[in-house]
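Student: Quick one: the structure is below, and I'll ask about it shortly.
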Amino acid sequence: MPPQDEIALFASRLNRLGVPYMVTGATAAIVYGQPRVTNDIDVVLALDSAAVFRLEECFPETEFYIPPESVVRVEQGRRQRGHFNIIHHESGYKADVYLAGEDPLHTWALPLRRELTWGDEIMMVAPPEYVIVRKLEYFREGGSPKHLLDIRAMLAVTDVDRTDITHWVDIRGLAGEWAQV
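Using our numbering, read the sequence shown as starting at 1023 and increasing by one per residue.
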């Protein structure tokens, strides 16, 4: 499981940024399932133009690597799959930042994110149904069984809306992957 301090460090700064975000990926799977090791935090961020300027304020270059503003703006211009990293210098802990863009799954999930406490910090976490659908997509793309294990652990521990999952599985063509769960 990732150290609480690094996750709280990123959550506190994302909260200060003041734009909608949600933690997803392995960290969300840990919250909704069972502990496992992960080397980063995955975040979906609805980054507006004004917030690009505040990134450096919230993640100062003395403590973090953040890409140049021009790179962030290029990624921000992508309708889907905009992405960049933020890395904490001292710990090497990394945030994979995925921009919400026009992805309908992000649009659906962001208003449904859940406010959880992590250590002393508030953290916004993607709904478990979103995490499951994304993990099904990651399994389809890379074939790693860890995604299916995460989903099974989440289903064993967390109540989920299977109607929502089925809806997104149908839209995203993930029936075969869902059947493997």
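Don't be surprised by glycine CBs; every beta carbon is placed ideally from N, CA and C. These numbers were taken from a predicted model, which means no experiment stands behind them.
1) Go ahead and pull the three-state DSSP assignment for residue 1160.
2) Of all Cβ atoms in chain C, is any one closer than 7 Å to the Cβ of residue 1187?
3) Could you give the distance in angstroms between the alpha-carbon of residue 1163 and the alpha-carbon of residue 1122?
4) Just to confirm before moving on: does the CB-CB distance between residue 1161 and residue 1124 stay below 7 Å?
5) Buried or exposed for residue 1111, please, with buried defined as at least 16 other CB atoms from any protein chain shown within 10 angstroms of its CB.
6) Sorted by chain position, which residues of the same chain lie with C-beta nearer than 7 Å to residue 1202's C-beta, five sequence neighbours on each side aside?
7) Evaluate contact between the stretch 1139-1155 and the stretch 1051-1063, counting only Cβ atoms and requiring at least three cross-stretch pairs below 8 Å.
8) Can you tell me which of the three DSSP states residue 1119 falls into?
9) Short of 6 Å in beta carbon distance, which residues of its chain neighbour residue 1028, apart from the five on each side in sequence? Order them along the chain.
10) On the premise that residue 1119 lies in contact with residue 1105, defined as a C-beta separation below 8 Å, what is that separation, rounded to the nearest angstrom?
Tutor: Result, derived from the coordinates:
1) Working through the sequence shown from its first residue, we reach residue 1160 at position 138. If DSSP states are grouped into helix, strand and coil, residue 1160 belongs with the helices.
2) Any reference to chain C falls outside this structure, which holds one protein chain only.
3) As a working mapping, residue 1163 is identified with position 141 in the sequence shown. As a working mapping, residue 1122 is identified with position 100 in the sequence shown. Straight-line Cα distance between these residues: approximately 19 Å.
4) Mapped onto the sequence shown, residue 1161 falls at position 139. Mapped onto the sequence shown, residue 1124 falls at position 102. No, the pair does not count as a contact, with Cβ atoms beyond the cut-off.
5) Locating residue 1111 in the sequence shown gives position 89, counting from the first residue. Per the 10 Å Cβ criterion, exposed.
6) In the sequence shown, residue 1202 corresponds to position 180, counting from 1. Within the same chain, residue 1202 has close Cβ partners 1170.
7) yes
8) Against the sequence shown, residue 1119 aligns to sequence position 97. If DSSP states are grouped into helix, strand and coil, residue 1119 belongs with the strands.
9) By one-based count along the sequence shown, residue 1028 stands at place 6. If we look at residue 1028 and ignore the five residues flanking it on each side, its Cβ neighbours are 1113 and 1115.
10) Taking the first residue of the sequence shown as 1, we reach residue 1105 at position 83. Taking the first residue of the sequence shown as 1, we reach residue 1119 at position 97. Going by Cβ atoms, the distance from residue 1105 to residue 1119 rounds to 7 Å, so yes, they are a contact pair.
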